[in-house]
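Okay, structure first, notes after.
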Amino acid sequence: MKVGPIIELEGIGKSFATSGAARREVLQGVSLSVERGEFVSIVGSMGSGKSTLLNIAAGLIAPDCGSVRVSGGPAVSGVEGSLNAALVFQNYSLLPWFTALENVRLAVQAAFPKRSRAEHVAQARRSLELVGLGGALDRRPSQLSGGMRQRVAIARAFAIEPDILFLDEPFGALDALTRETLRQELARLCAESRGVTTLMITNNVDEAILLSDRIVPMTQGPRATLRAPIPVPLARPRPPSFGTNAAALRVRTAVVEALTAC
Amino acid sequence: MTLTQRLATILLPLCGIALAVLAWTAASRVVNDLPSPIETWRESRLYVLEPLTKRGEMDQGILLLAYYSLVRVTRGFLLGIAIATPLGFLLGVSPALTRMFDPVMQVMRPISPLAWLPLGLIIFRKSEPAALFAIAVCSMWPTVINTTAGVRAIPQDYWNVAKVLRLSRTTTFLKIVVPATLPYVFTGYRLSLGIAWLVIVASEMLTGTPGVGGFLWQEYNSLVYAHILLAIVTIGVIGFLLDRLMGMAETRLRTT
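So the protein lines, in turn, are chains A and B. Residue numbers for the first sequence follow the numbering used here, so the first one is 2 and each next one is one higher. Residue numbers for the second sequence follow the numbering used here, so the first one is 2 and each next one is one higher.
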């Protein structure tokens with residue numbers, strides 16, 4: 002297996018046209034590398050350009066300058082046999098005309114075109130059962146709660162046996178209780194699928210501490226850039242709350258300081 | 002719904018119809034040649050009470066005439082949407098094509114069926130294909146425009162899903178673009194069918210083919226004015242029913 006960073010961003014800059022000729026610099030000089038099997042979270046406040054950065058890393062949008070390399074090659078190149086990357090969106094992004102099972106099956110089918118239809122269905126079903134939705138396979142997104150929809154989205158991501166997982170504020174739209182359970186489930190799924198590399202965007206420091214190996218604070222935009230990564234030296238599995246755990250508190254303080262010091 | 006509300010939903014439309022008939026009666030008093038509703042009924046009774054009798058080429062029961070018109074409209078409409086739907090999808094995904102064809106479309110859209118028919122007759126040399134041509138070319142625009150708008154209205158999220166899942170072009174089209182656009186397409190179909198039905202009278206008049214429109218024109222020429230009104234009412238009622246039918250299909254699609 003290839004050693005070295007699996008995701009490598011270098012000198013990424015991105016601006017968007019606003020009114021007229023004016024442009025808003027969202028990102029400037031952003032560099033980041035993520036090692037194979039690592040869980041890295043980018044933490045920043047709302048509107049700091051985190052999602053833009055994730056979309057660039059995932060290959061959904063092109064940066065103005067800088068380079069994006071995913072395991073040596075360009076991101077989401079569409080080349081058969083290249084790495085499987087999955088993205089979980091904040092707003093679920095399920096297709097409303099498909100059932101939960103069909104939504105996941107569509108992803109499986111696209112990821113493994115050589116397998117049979119029965120295998121696609123079995124894989125999709127297995128993935129949905131893994132997130133506790135075995136009883137809701139035939140329901141459409143409109144018939145599911147927000148938490149269940151995000152479970153489907155997570156099942157869809159894991160169903161393609163991803164090498165890389167991009168998470169865009171995956172729990173942002175959920176209520177506090179659902180968020181709590183889903184975080185734990187995500188931690189479990191990541192632990193079970195060995196070798197998956199995860200890049201998560203969040204505005205929640207505790208969420209980042211619970212899930213990450215490293216936390217990268219992002220400064221407030223415009224012209225947002227990344228601060229030095231902060232490692233999270235906590236054993237797994239981690240409890241839902243760290244209470245007064247000294248190491249966790251230290252990480253928390255460091256992250257908050259990096260975010261507020263501008 | 003309370004009883005009064007329910008009564009109102011039945012009675013108020015009836016009152017509206019009664020008022021319209023009253024206005025018609027009043028107008029027939031003023032205008033000499035305009036038959037009153039009662040005269041119209043008396044003259045048209047045979048056509049309505051024996052709706053499926055065929056006495057001559059134009060002298061047929063009203064349902065039979067309506068049937069000819071409906072068949073003609075359906076064929077023209079199907080031809081129209083068979084061209085309009087793919088065109089709409091194509092324009093929807095390609096802004097360049099839209100910019101290219103927009104002026105042409107905007108100019109073709111307001112052209113009356115009366116203008117297309119002679120052209121159709123020149124091209125096809127027969128009245129039936131000319132009528133279909135006129136119906137198709139007049140009725141296709143709402144479908145083109147709605148389909149294009151529907152494709153444009155697909156949320157970025159769905160495109161992102163297609164990109165993240167690395168769906169092929171065909172899969173993206175079949176599994177995302179078509180289902181997302183379907184409600185818009187059907188709104189287009191409903192509007193197109195409405196226009197196709199509007200065109201029928203003009204096309205049958207000019208081509209002299211049997212149908213409600215052809216009947217209307219022949220009865221005008223034979224000075225049987227009551228039958229003109231019979232044809233007008235028939236056209237209106239059928240147009241209304243067609244719109245309702247398409248509306249029902251549309252709402253069914255919206256819920257799924």
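Glycine included, each C-beta is placed from N, C-alpha and C at the ideal position. A quick note: this is a predicted structure, and the numbers were derived from the prediction, not measured.
- At a Cβ-Cβ threshold of 9 Å, B/PRO211 and B/LEU66 count as neighbours.
- Counting along the chain, the unbroken beta strand (DSSP E) around A/LYS15 starts and ends at 6 to 18.
- Between A/GLY5 and the set A/ALA18, A/LEU33 and A/LEU107, the nearest pair of CA atoms involves A/LEU33.
- In the displayed model, B/MET101 falls within a helix according to three-state DSSP.
- Within the same chain, Cβ atoms closer than 8 Å to the Cβ of B/LEU71 are found at ILE239, the five residues on either side in sequence being excluded.
- In terms of Cβ geometry, B/MET109 and B/VAL152 do not form a close pair [threshold 9 Å].
- Assignment of A/ALA137 by DSSP, reduced to helix, strand and coil, places it in the coil class.
- Against A/SER94, the close residues of chain B are ASP158, TYR159, ASN161 and VAL162, in the order they occur along the chain (beta-carbon pairs closer than 8 Å).
- Here the alpha carbons of B/THR182 and B/ALA154 stand approximately 8 Å from one another.
- Nearest Cα to A/VAL197 within the set A/ASN205, A/SER213 and A/THR203: A/SER213.
- Chain-ordered listing is empty here: chain B has no CB closer than 8 Å to the CB of A/LEU138, the nearest sitting near 18 Å.
- Taken in chain order, the members of the region 95 to 115 of chain A whose beta-carbon sits within less than 7 Å of a beta-carbon on chain B are LEU96, TRP98, LEU107, ALA108 and ALA111.
- For A/LEU166 against A/ALA58, the beta-carbon gap comes to about 11 Å, at or over 8 Å, which does not count as contact.
- The beta-carbon of B/PRO96 is placed no less than 9 Å from the nearest beta-carbon of chain A.
- It is roughly 13 Å from the alpha-carbon of B/VAL94 to the alpha-carbon of B/MET101.
- Per DSSP, the beta bridge partners of A/THR198 are A/ILE165.
- Cβ neighbours of A/GLY135 within its own chain (closer than 8 Å, five residues either side excluded): ARG126 and LEU129.
- Along the length of the region 187 to 240 of chain A, whole beta strand (DSSP E) runs at least 3 residues long occupy 198 to 203 and 215 to 218, reported in chain order.
- Per the Cβ contact rule, the region 35 to 54 of chain A is in contact with the region 215 to 226 of chain A (3 or more Cβ pairs under 8 Å).
- Beyond the five residues adjoining it in sequence on each side, B/TRP25 comes within less than 6 Å, by CB distance, of PRO38 in the same chain, given in chain order.
- Residue pairing by DSSP places A/SER34 opposite A/GLU9 in a beta bridge.
- Judged by pairs of C-beta atoms under 8 Å, the region 161 to 180 of chain A touches the region 86 to 100 of chain A, as three or more such pairs exist.
- Fewer than three pairs of CB atoms, one per stretch, sit closer than 8 Å, so the region 178 to 187 of chain A makes no contact with the region 8 to 21 of chain A.
- Here DSSP, grouped into helix, strand and coil, assigns B/LYS55 to strand.
- Three or more Cβ pairs drawn from the region 243 to 251 of chain B and the region 172 to 190 of chain B lie within less than 8 Å of each other, which places the two stretches in contact.
- By the Cβ-count criterion, B/SER193 is buried, with 16 or more other Cβ atoms from all chains shown falling within 10 Å of its own Cβ.
- With its beta carbon at least 9 Å from every one in chain B, A/LEU129 lies outside the interface.
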